[in-house]
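Going by my numbering, the letters in the sequence shown line up with residues 740 to 888, in that order. Presented below is the structure to which this report refers.
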Amino acid sequence: STGNYPINATDAFGPSGPFWMYSGGFHSNVQSGAFRLPNGNTLITEADDAHMFEVTSSGSIVWDYTFPGNNIMIARAQRYELNYLIDNFPEFTSGDVNFDGEINIEDISLAVDMIYGTGYNPTPPADLNGDGVVTMSDIVIMVQLAMNN
């Protein structure tokens with residue numbers, strides 16, 4: 740089954756019964772999700788436990804992951820191919836946060852916004868020291884690069 744069902748103008752929405760069901764002994768008190776993948780498997784998220792897993796149509800778990808930590812919820816997730824970032828993230832120069840080909844005050848401003856969480860999520864071009872997080876250490880390096888341009 741493709742998971743699709745016909746809808747016409749005279750019928751109520753939805754199928755008359757489930758097309759597929761998985762009951763793997765999990766529960767969440769809040770929003771979670773189940774999304775059919777292009778390969779026919781289903782990606783399920785269990786928000787309360789920050790747990791996500793992929794299950795085949797026959798009920799076998801392909802992989803699962805629980806995000807570590809306390810008070811973390813994952814209500815929805817998407818599955819990306821292993822080469823997603825390689826194929827889809829643009830080439831960049833470290834420090835050129837806005838991808839305009841220059842390292843200047845605009846890049847510094849964006850990186851500061853990333854540190855203080857005021858609108859921009861951290862991106863690889865802002866992590867100049869390569870430690871995996873954007874901090875004031877990266878800003879210092881960025882200022883030095885901007886002054887040398």
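Glycine is no exception: its CB is placed at the ideal position from the N, C-alpha and C atoms.
| Asked | Found |
| --- | --- |
| In terms of alpha-carbon separation, which member of Thr857, Gly772 and Asn843 lies closest to Ile880? | Asn843 |
| So, is Ser771 buried or exposed, given that buried needs 16 or more other C-beta atoms within 10 angstroms? | buried |
| Would a C-beta distance cut-off of 9 Å place Ile878 and Ala850 closer than the cut-off? | yes |
| Output yes or no for whether 9 Å exceeds the beta carbon distance between Val836 and Pro864. | yes |
| Could you give the C-beta distance for Val794 and Ile783, rounded to a whole number, given that I count them as a contact under 8 Å? | 6 Å |
| From the DSSP output, in three-state form, read off Met791 for me. | strand |
| Is there at least one Cβ from chain D nearer than 9 Å to Gly869's Cβ? | Of the chains in the structure shown, none is chain D; there is only one protein chain. |
| With distances taken from CA atoms, which of Gly871, Phe831 and Tyr761 is nearest Gly798? | Tyr761 |
| Relative to the C-alpha of Val883, which residue among Gly834, Tyr823, Thr805 and Ala748 is closest? | For the sequence presented, residue 883 should be read as Gln rather than Val. Looking at the Cα atoms, Gly834 is the closest of the given residues. |
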